[in-house]
Amino acid sequence: MNKIFYIIFFAFSLSFTFAQSSKFSNQTKVTVESNQQESIFKEIELGIKEGNVEIISKYFGQQTYFSFSNGINGYYSSNQAFYVLEDFFKIYKVTSFKFEHIKNDKLNSYATGKYNYDNKGQRSTAQVYISIKKVGPNWIITQFTIN
């Protein structure tokens, strides 16, 4: 009788161990996803700081929505998006940029920040909003707004 009790107790204990292991595995996966998103936003931030479209362009999807203060507004292919952003950086030369808020989610995340720039000798500030979305194994920029 005592043996049966210990066997049942042991089996019951194992089931809790595996349940906790599964929960830990899910938490680890969420942390890895969050870290991946943060590193993507750090790269995008660096690209904007340096006015370097090449750093940012690897995150353009087939269709990325742009809305800029200079009147650019609409969906652009990754190739078009490269040149649209490159032209914007030439006209509105960044003096500083930093994301102030990053919101990570399982499938969609966004970041907002201040874009300080120089345009023909006049300094000004614009608000930046960038959203990314998980498509398959990759994260892509779905919206890029500077107003």
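Residue numbers for the sequence shown follow my numbering, so the first one is 7 and each next one is one higher. Ideal Cβ placement from N, Cα and C applies to all residues, glycine included.
Between which residues of its own chain and Asn125 is the CB-CB distance below 7 Å, once the five residues before and five after are set aside? Ile97 and Tyr98
Start and end residues, beta strand (DSSP E) containing Lys96: Per DSSP, Lys96 belongs to no beta strand (DSSP E); it is in the alpha helix (DSSP H), Ser84 to Ile97.
Ser120 to Gln42 span [Cα, whole Å]: Rather than Ser, the amino acid found at residue 120 in this sequence is Lys. If I take the Cα positions, the gap works out to 22 Å.
Between the Cα of Phe105 and the Cα atoms of Ile136, Gly57 and Gln128, which residue gives the shortest distance? Ile136
With distances taken Cα to Cα, identify the nearest neighbour of Glu56 among Ser102, Ser130 and Asn114. Ser102
Apart from the five residues on each side of it in sequence, which residues of its chain come closer than 7 Å, Cβ to Cβ, to Leu91? Val59 and Ile62
Reducing DSSP to helix, strand and coil, say where Ile78 ends up. coil
Output yes or no for whether 8 Å exceeds the beta carbon distance between Ile138 and Thr131. no
Look up Gly142 in the DSSP assignment and say whether it is helix, strand or coil. coil
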